[in-house]
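**Q** Below is the structure I would like to discuss, written out as structure tokens.
There are 2 protein chains.
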Amino acid sequence: MSKRTRTTQTTVGKYLITRLRQAGLGHVFGIPGDYVLKFYDLLVASPIEVVGTCTEAGAAFATDAYARVAGLGCCCVTYCVGGLNTLNAVAGAYAEKSPVIVISGAPGLDERRRTPLLHHRVRDFATQRAIFEKVTVASVALEDPKAAPDQIDETIAACLRHKRPVYIELPRDVVDLKCAAPRRLRTEPEVSDMEVLAEALVEALGMLGAAKRPAILAGVEIHRFGLQNNLLDLVERSGFPIATTLLGKSIINELHPQHLGIYEGAMGREDVRRTIERADCVLILGAFMTDINLGIYTADLDIRRTINATSERVAIKHHSFSDIELRDFIEGLAARVKPRRKKKAAKPRTPRTFRARKGQAITVKRFFRRLETFLEANMGVVADVGDCLFGAADLTIPQRTEFLSPAYYTSMGFAVPAALGVQKANPELRPIVIVGDGAFQMTGLELSTIARQGLNPIVFVLNNKGYTTERFINEGPYNDILEWQYHRLPELFGPGRGFEVRTEDELEAALAATRVDTGKYSIVNVHLDKMDRSDALARLGQRLSEQGGHAKRS
Amino acid sequence: MSKRTRTTQTTVGKYLITRLRQAGLGHVFGIPGDYVLKFYDLLVASPIEVVGTCTEAGAAFATDAYARVAGLGCCCVTYCVGGLNTLNAVAGAYAEKSPVIVISGAPGLDERRRTPLLHHRVRDFATQRAIFEKVTVASVALEDPKAAPDQIDETIAACLRHKRPVYIELPRDVVDLKCAAPRRLRTEPEVSDMEVLAEALVEALGMLGAAKRPAILAGVEIHRFGLQNNLLDLVERSGFPIATTLLGKSIINELHPQHLGIYEGAMGREDVRRTIERADCVLILGAFMTDINLGIYTADLDIRRTINATSERVAIKHHSFSDIELRDFIEGLAARVKPRRKKKAAKPRTPRTFRARKGQAITVKRFFRRLETFLEANMGVVADVGDCLFGAADLTIPQRTEFLSPAYYTSMGFAVPAALGVQKANPELRPIVIVGDGAFQMTGLELSTIARQGLNPIVFVLNNKGYTTERFINEGPYNDILEWQYHRLPELFGPGRGFEVRTEDELEAALAATRVDTGKYSIVNVHLDKMDRSDALARLGQRLSEQGGHAKRS
């Protein structure tokens, strides 16, 4: 009937793989199961590499990180017992805008009719899809081979457009059914409404031109939509100082002379806070105004002085504009902004230096100080949640280094599997993982997958014997965990080096050894006092107590 | 206005704890997080013991197992990053009818209004609850302290009535709000419609009376609704032979002279299959007719010869009756069934014996043979998924031994955390865990929690170097996993014994050592050939190939 039925044919499974390849996908993370084995066979026969993990949760975190680095990620799992284990990580990808495709196998349509109580079923055969609808921007069950090509195209397009997860369910008896072969992809670039754009630009440029102390605050969407160069252009043409949010950390070379640091209310450095909050016009670009980004309610930004542009809308003061592409807005500003006179001696800053003190017990603060001097351009920093994240906020990240962290959704256990995803996406990047002991116990065993894949991250377990961030909120026995001999895990998994570190010189020795041993992963068990904490966490605590505590704020 | 407002007051958090205690709950499994810390403080101050796990998935599996043994289980987690990690295990509890309460912390109602982008949020504040609605029989967010007492009572009642999970969400600023104190619980026993019951009993007794070769097939609801003694009474009064489903394994002493074994189509023993399928009337009691229970479509039961009673309805041939309590139906049959003449020499059967062969490599078949003679009345068997489960089906379980397995939902990774739940529910029971290496890599690290709690299960890792059950469906590189030195985990976690076993005499030595060392857990790394399999899996394969394979059945 349509033109499609007259074209060459393929199968639904092969069609899906072709489209994934065309979208640039090189790897799929997951664990097989009987309902998805047929599709796994197709994947194995394709140029896509299948990376088997220990858990589906690990696969999904790896996929999220892979997507953040490569622009698209995909995990492939079996029905319910596989898919539902990915849900938390997929929810995190939704919250933080990471373009993840979840492919789930499913019982065959034919067998469903014959035996309603098939294994892995929860309530009915629509249950898993209904659940994924809540954490994705598009979800589809490929139950009709005729409709499948369009469904696949639309779903992948939604993932790429919104930079958010989508869900594709593939019943096992549909994998090999015939469908139309892939046609040339219609790529419709998103365009701004030029009239709206012009109006918004005039107003924004007017505010910025009139401002005496303008500043830029940039966030994670700059990274997701690949606008780092556009941002840099605007920064350098305008001469405005720039801070980033925690989630957007490293979207600009942090040694750049105009870069201030991370803005996160009272949790961040005081000088950054002052510059942003005293600015008479703050240009916010691609940032989520989350509680963590804003230092747990301690940020103080007057909306009447802000221009706030995201991928979804541009807001100036209390009004907002739709149909403006973030890229167009940033480029429009860069083209016409009135340059501020630059300070004379604006030279690139140099990283701080560090000298280890022999026999001195290592602290959180000194650990991060040391780490900063250790970082090289070919490294990527992956921070887990808790004081790992707060402490990492003060790390100066040099150009070309990626910084990844679940700084809004803040799901513990992100970092180790994320390192797997980062390095599969970019083998040139050596991941530096900073993870607490509590988070490590959740997903750290994906170090096994890292060992199997022959990757070489350096994993620092900040071993403070429990959930230390929580100790500063409510202390109780529930914040204690069992202490593992983390550094001995390579004895269980094979090639890899373990280090146990209690003092600054032991840290030096471990760093020296692991820096040159680039052929394998390392795990460094960094013993810390259970009540030690980063400067950022200390600042937050002090500020909250000055204000009479969190509960009294309104 | 109502009487309630005039009574003594308590707080919403304390009310919830009081009701949990009144329902008999002694332990809660989980991991804290800031949105649930206040409630954790109340738990710690209560007689309920909080059992911290490494992961929320582990907490939820432990809760499910605890519920199966104790009649009610509860896990308590933080918002989304905690709750969503429990979803797979909770879905399994739904599928297999296990009474699990999930309590999730949530952002305060007040802070939601002030800062919409609170950490851990996915799409909106209703997202997590909407997801849990799909896998529970009742879900509620306690957002109004006036309504909370009734909401709590109704939700817990639904859990106990349906033996299925429920979800309770508790915003952190509601925990300490005042509400009415608990009133005396109205316990309304479920009752049958006596007219319907009488009609069904007459017809069923007529069929059974007319049958020459009647048989009973009993399932897991006998366990969930505590009907083991009622069933035994019916079995002994009637003289009928009885088989159980795999999910219902051990609901009757398997050495009982009338007990045949597990019925699971071609996967089960041929003599059991013959007796059930050649019976001229099969009385099915509390069984789920699932694909695994029925041996992956190989079962052959003629519906015209069946009476099929569950907690939901009684079906005779092609018609069904509502409003009949399973207990009343079984008791009614027992009271009036015409006893069959018992065979003369019906003595209790004795377990098989085993003699180890020195230097002989251990096989799946010989492992299970040996295990059977090892079991004692104070042990509980927890089987994970795959050939662990199929092999365990042939184990004869003596009276008073619990057998637990996710035999329908079949989620890998159930067994190790389930052992934690089993032993917290019944400290007298020493769990015998049978788990594959693939499943162990998913959740086996909860052995850390077992170590911390000082429990003493014996964990057998059937180490066949990958997903062996899948190798018999589709072999591919995705079925391989990295081999760990499983027996060395006690070196990481502390007290516990590790054994590496390759031969029958090494197994003997490990069993002898672990049997007497009752003060700590053991982990036994049982090396198996990667293509070795149980008798049950071999039988299924043979039968399917005789029938021309699975795909050709209709």
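Chains as they are written, first to last, in this note's numbering: chain A, 12 to 565; chain B, 12 to 565.
We put the CB at the ideal spot given by N, CA and C, even for glycine.
In chain order, what residues of the same chain lie with their CB nearer than 8 Å to the CB of Glu210 of chain A, ignoring the 5 residues before and after it?
**A** Phe332
**Q** Glu201 of chain A by DSSP, collapsed to three states: which one?
**A** coil
**Q** Am I right that Thr4 of chain A and Val177 of chain A are in contact with their C-beta atoms under 8 Å? What's the rounded C-beta distance?
**A** For chain A, the structure presents residues 12 to 565; residue 4 of chain A sits outside this window and is missing.
**Q** Report yes or no: is there a C-beta of chain A within less than 8 Å of the C-beta of Asp516 of chain B?
**A** no
**Q** Using a Cβ-Cβ cutoff of less than 6 Å, which residues in the same chain neighbour Gly449 of chain A once the five nearest sequence positions on both sides are dropped?
**A** Within the same chain, Gly449 of chain A has close Cβ partners Tyr478 and Ile492.
**Q** Can you tell me the Cα-Cα spacing of Leu36 of chain A and Pro110 of chain A, whole angstroms?
**A** 12 Å
**Q** Residues of the segment 438-470 of chain B with a CB closer than 9 Å to any CB of chain A: list them in chain order, please.
**A** Gly449, Gln452, Met453, Thr454, Gly455, Leu456, Ser459, Thr460, Ala462 and Arg463
**Q** Please compile the residues from chain B whose C-beta is within a distance smaller than 8 Å of the C-beta of Gln434 of chain A.
**A** The contacting residues do not exist; Gln434 of chain A stays about 17 Å from chain B at best.
**Q** Using a beta-carbon distance below 8 Å, is His267 of chain B in contact with chain A?
**A** no
**Q** Going straight from the alpha carbon of Glu342 of chain A to that of Pro350 of chain A, what length do you get?
**A** Each residue's alpha carbon lies about 14 Å from the other.
**Q** Answer yes or no: does any C-beta atom of chain A fall closer than 8 Å to that of Ala106 of chain B?
**A** yes
**Q** Please go through the same chain and pick out, in chain order, the residues whose beta-carbon is closer than 7 Å to the beta-carbon of Arg248 of chain A, but skip the five residues on each side of it.
**A** Correct list, in chain order: Ala345, Val348 and Pro350.
**Q** Just to confirm the assignment, what range does the alpha helix (DSSP H) spanning Arg368 of chain B have?
**A** First-last for Arg368 of chain B: undefined, no H or E at that position.
**Q** Applying a beta-carbon distance threshold of less than 8 Å, which residues of chain A neighbour Thr407 of chain B?
**A** Residues of chain A passing the Cβ test: none, with the nearest at roughly 25 Å.
**Q** In three-state DSSP terms, what is Met218 of chain A?
**A** DSSP places Met218 of chain A in helix when its eight states are reduced to three.
**Q** What does DSSP give as the partner residues of Ala226 of chain A in its beta bridges?
**A** In the DSSP assignment, Ala226 of chain A is bridged to A:Val293.
**Q** Specify the secondary structure class of Thr4 of chain B as computed by DSSP and reduced to three states.
**A** Limits of chain B in this structure are 12 at one end and 565 at the other, which puts residue 4 of chain B out of reach.
**Q** If the cut is a Cβ gap below 7 Å, which residues of chain B does Ser422 of chain A touch?
**A** Val92
**Q** Going by Cα to Cα distance, which pick from B:Arg324, B:His330 and B:His329 is closest to Arg338 of chain B?
**A** Put simply, of B:Arg324, B:His330 and B:His329 the residue whose alpha carbon is nearest the alpha carbon of Arg338 of chain B is B:Arg324.
**Q** Using a Cβ-Cβ cut-off of less than 8 Å, list which residues of the segment 139-162 of chain B approach chain A; keep chain order.
**A** Ala141, Ile142, Lys145 and Val146
**Q** Could you pull out every residue in the same chain whose Cβ sits closer than 7 Å to the Cβ of Lys223 of chain A, ignoring the five residues on either side in sequence?
**A** Asp291
**Q** Tell me whether the beta-carbon of Pro156 of chain A lies closer than 8 Å to the beta-carbon of Val47 of chain A.
**A** No; because the gap between Cβ atoms is not below 8 Å, this pair is not in contact.
**Q** Any contact of the segment 44-58 of chain B with the segment 89-99 of chain B, i.e. 3+ C-beta pairs under 8 Å?
**A** yes
**Q** Quick check on DSSP: helix, strand or coil for Ala356 of chain B?
**A** Residue confidence is low: Ala356 of chain B scores 49 on pLDDT, short of 50, so the model does not pin down where it sits. Its coordinate-derived value is still stated next. Correct three-state label for Ala356 of chain B: coil.
**Q** For Phe451 of chain B, name the three-state secondary structure that DSSP assigns.
**A** helix
**Q** Quick one: is Tyr274 of chain B near chain A, going by C-beta distance under 8 Å?
**A** no
**Q** Should Thr198 of chain B be labelled buried (16 or more other beta-carbon atoms within 10 Å of its own) or exposed?
**A** The residue is exposed, with fewer than 16 neighbouring Cβ atoms inside 10 Å.
**Q** Which residues does DSSP pair with Gly509 of chain B in a beta bridge?
**A** B:Ile534
**Q** Using a 10 Å radius around the Cβ and a threshold of 16 neighbouring Cβ atoms, would you call Thr384 of chain A buried or exposed?
**A** exposed
**Q** According to DSSP, simplified to helix, strand and coil, what is Gln139 of chain A?
**A** helix
**Q** Quick check: the Cα distance between Val535 of chain B and Met300 of chain A, rounded to an integer number of angstroms?
**A** 51 Å
**Q** Considering only the beta carbon of each residue, do Val444 of chain B and Ala418 of chain B sit closer than 8 Å?
**A** no
**Q** From Ala547 of chain A to Thr525 of chain A, what does the alpha carbon distance come to, in whole angstroms?
**A** 28 Å
**Q** So which residues on chain A does Leu503 of chain B lean against when the C-beta distance must stay under 9 Å?
**A** Trp495, Gln496, Tyr497, Arg499, Leu500, Glu502 and Leu503
**Q** Can you give me the Cβ contacts of Gly424 of chain B inside the same chain, cut-off strictly under 6 Å, excluding the 5 residues immediately before and after it?
**A** Ala450, Met453 and Thr454
**Q** Secondary structure at Thr255 of chain A, three-state DSSP: helix, strand or coil?
**A** strand
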